[in-house]
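J.: Here it is: the structure, laid out below.
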Amino acid sequence: MNKNKILTYLFFLSISITYAQDTIVKKIKSEKLTDSELVAGEKYVVDTIIDGKTLYKIQINAIPNVSELKSLEDHEQANQFDEKWLVELYSNTLYDTIYKTISELEYNNIDYPELSTDTLKARLKRLDARTPFNVAYNPSLESVIKNFLKNKRSYFERIMGLSHYYFPMFERELDAKDIPLEMKYLAIVESALNPRAKSRVGATGLWQFMFATGKQYGLDVSSYVDERSDPIKSTKTAAVYLSKLYEIFGDWDLALAAYNSGPGNVSKAIRRSGGYENYWNIRHNLPRETAGYVPAFLATMYIFEYAREHGFTPEKPMFHSIETDTIRVKQLITLDQVSEATEVPVEELQFLNPSYKLDIIPFIEGKNYYLRLPRASVGKFVNNEEIIYASAKAEIEEKEKPLPQFFESQSKISYRVRSGDNLGYIAGKYKVRVSDLKQWNGLRSNNIRIGQRLTIYPRNPSASQAVTTSNPVNTTTSSSGAKIYTVKSGDSLWSISQKFPGVSVQNIRDWNDISGNNLKPGMKLKVSKG
């Protein structure tokens, strides 16, 4: 072994990607009690449960007159914030599923007559012939495969839908480093293809890098950005990391085991096994989770490679990777601002740009940050860059403003939604952002209904009395009294709506009976109802 290889080996001994064990809180009283049965001064444990799953346990001391607390009214908006935060904290359903499955794998006989042992052996043999992994049949692997087929069908159908977006990115980066393309299945075992998955010890992203490891390999981790969640950059890093592990062990199965538990644990397992170097021969000396890690990887590979034979129906993906493209940002901008400019829902932008922790794309001299958009929206953004950036800059400069609770009471408005209203129109009318309207009223989507009451804190209270009638651009007036705007080169529905306070993109569509976004210079558009 040469000097460089020894140094590399020692370096990897110090790195271990691990998961924390669940914290177990022992109940002080197991029976279910009502408020009236609580005794002041005694200790109790409160379980917080959502969808049948215990999220956390809190030990409390009972206090006198507990029942009286129920008469105190909770703050509605604060309660909505709490609910949203809990949903955000525990949104890693798929990730938690695969983590729990691997850490608690049992290798019992599974009754699954749809797949005979002989058929499985033949398929594994064909799979083994076309991959450098050791895909040999053994009863433990058969147990895991049949367990997944029998109990995890809906989970894998959801993952297969996500794979249409992520796998082309993975394959490109893995191929560039001569990593077996089947290694793409590792990201499923690591994170269930959730770029924001976070383990109990802080490993983050599709490939579950710890903070120090990510920084060591050049991934940017800051208050704004976590490139461990960037699908392409994190995959490049994973490819480099895996290639180093393969240089050390010369075996892809052992490289997988080392990726999970650290090279040191693999070396110890080899010693304790009497010098064996085949994964299946040292498996009983590896940590419990790692012992289930490679079987889970191979079982996942089998299910994907033989999905059609087992009748899997992948969920429809939100995007295919070829349907998106990137733009280098030229100044700080938020996903909310991008959403309003491009009409791409914020939820889709968050899916496409998971590395921006606060939904803010920063601008830092010497660094390049990119916005990923659906291809259909790239042209709209590029054609209106100056307007979009100018609008974003103006809003950011005005960002520091009084909080609603400190406004004078008369500036709080209760608005009743009328026919034809949408959040964009209402926000424009009162000089506020759509995101503000949603926050003030606990809205999770842009859907509103006629007659619904909205609370609004206008930037300019006088806006509640009337919308400005100034004519910011040259228009003509039709016989019905509607303002008519002539489309110019470079115009879009969004840029036109910005020229007329209180006018939304949907308003322009409705008033002109158009459904798409295509405009031609010289086209006449109504920009007021008339």
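For reference, each letter of the sequence shown is one residue, going -20 to -1, 1 to 510 in mature numbering (1 follows the signal peptide of the UniProt record, and there is no 0).
For glycine and all other residues, C-beta sits at the position ideal for the given N, C-alpha and C.
(1) Measuring CA to CA, which of 502, 175, 485 is closest to residue 494?
(2) May I have the straight-line CA-CA distance separating residue 268 from residue 240, to the nearest angstrom?
(3) So, for residue 216: in the same chain, excluding its five sequence neighbours on each side, which residues have a beta-carbon less than 6 Å away from its beta-carbon?
(4) Whole angstroms is fine: what's the gap from residue 204's alpha carbon to residue 197's?
(5) Closest to residue 148 by CA distance: which of 221, 304, 367, 247 is it?
(6) I'd like to know whether the C-beta atoms of residue 511 and residue 468 end up nearer to each other than 8 Å.
(7) Given a threshold of 16 other Cβ atoms within 10 Å of its Cβ, counted over all protein chains shown, does residue 164 qualify as buried or as exposed?
(8) Work out the CA separation of residue 251 and residue 108 for me, nearest whole Å.
(9) From residue 138 to residue 296, what does the alpha carbon distance come to, in whole angstroms?
(10) Take residue 263 as the anchor and find which of 118, 509, 404 has the nearest alpha-carbon.
(11) Would you please state the rounded distance, in angstroms, between the beta carbons of residue 357 and residue 478? I believe it to be under 8 Å.
(12) Who are the Cβ neighbours of residue 512 in its own chain at under 6 Å, not counting the five residues just before and after it?
(13) Would you call the region 301 to 321 in contact with the region 336 to 347, where contact means no fewer than 3 C-beta pairs closer than 8 Å?
(14) Do residue 166 and residue 277 have their CB atoms nearer than 8 Å?
(15) Give the secondary structure of residue 208 by DSSP, where H, G and I count as helix, E and B as strand, and everything else as coil.
(16) Does residue 213 pass the burial test, meaning 16 or more other C-beta atoms within 10 Å, or should it be called exposed?
(17) According to DSSP, which residues form a beta bridge with residue 97?
(18) Would you mind working out which of 143, 318, 97 sits nearest residue 122, comparing C-alpha positions?
(19) I think residue 435 touches residue 394, with their Cβ atoms under 8 Å apart; what is that distance to the nearest whole Å?
(20) Residues in its own chain within less than 8 Å of residue 283 by CB, not counting five upstream and five downstream?
(21) With a threshold of 8 Å between beta-carbons, can residue 153 be considered close to chain E, or not?
(22) Please state the DSSP three-state secondary structure of residue 132.
(23) Ignore the nearest five residues each way along the sequence and tell me which others in residue 281's own chain have a CB closer than 8 Å to its CB.
(24) Thinking C-alpha only, which one of 173, 273, 288 is nearest residue 233?
(25) Please report the straight-line C-alpha distance between residue 242 and residue 417, rounded to a whole angstrom.
(26) Can you tell me whether residue 321 is buried or exposed? The criterion is at least 16 other CB atoms within 10 Å of its CB, across all chains shown.
(27) Is residue 176 helix, strand or coil by DSSP?
(28) Pick out whichever of 329, 248, 360 has its Cα sitting closest to the Cα of residue 471.
(29) If distances are taken between C-alpha atoms only, which option among 392, 332, 367 comes closest to residue 350?
(30) Going straight from the alpha carbon of residue 71 to that of residue 141, what length do you get?
(31) Considering only residues of the same chain and omitting the five flanking positions on each side of residue 510, which have a CB-CB separation below 7 Å?
(32) If residue 209 and residue 180 are in contact, beta carbons under 8 Å, what's the gap, nearest whole angstrom?
(33) On the DSSP bridge list, what partners appear for residue 201?
(34) Where does residue 275 sit, in a helix, a strand or coil, going by DSSP?
(35) Can you check DSSP and say which residues form a bridge with residue 189?
(36) Across which residues does DSSP place residue 504 in a beta bridge pair?
T.: Working from what's here:
(1) 485
(2) 11 Å
(3) 153
(4) 19 Å
(5) 304
(6) Residue numbering for the chain in the displayed model covers -20 to 510; residue 511 lies beyond these limits and cannot be assessed.
(7) buried
(8) 27 Å
(9) 8 Å
(10) 118
(11) Wrong, their Cβ atoms sit about 17 Å apart, outside the cutoff.
(12) Here the chain covers residues -20 to 510 and nothing more, so residue 512 does not appear.
(13) yes
(14) yes
(15) helix
(16) buried
(17) According to DSSP, residue 97 bridges with nothing at all.
(18) 97
(19) 6 Å
(20) 125, 128, 129, 136, 290, 292
(21) As a matter of chain content, chain E is missing from the structure shown, which is built from one protein chain.
(22) coil
(23) 107, 111, 113, 115, 162, 165
(24) 273
(25) 49 Å
(26) buried
(27) coil
(28) 360
(29) 332
(30) Confidence at residue 71 is low in this model, with a pLDDT of 44, below 50, so its placement is unreliable and the value that follows should be read with caution. So the alpha carbons of these two residues sit roughly 18 Å apart.
(31) 458, 460, 461, 462
(32) 17 Å between Cβ atoms; not a contact.
(33) 206
(34) helix
(35) 184
(36) 466
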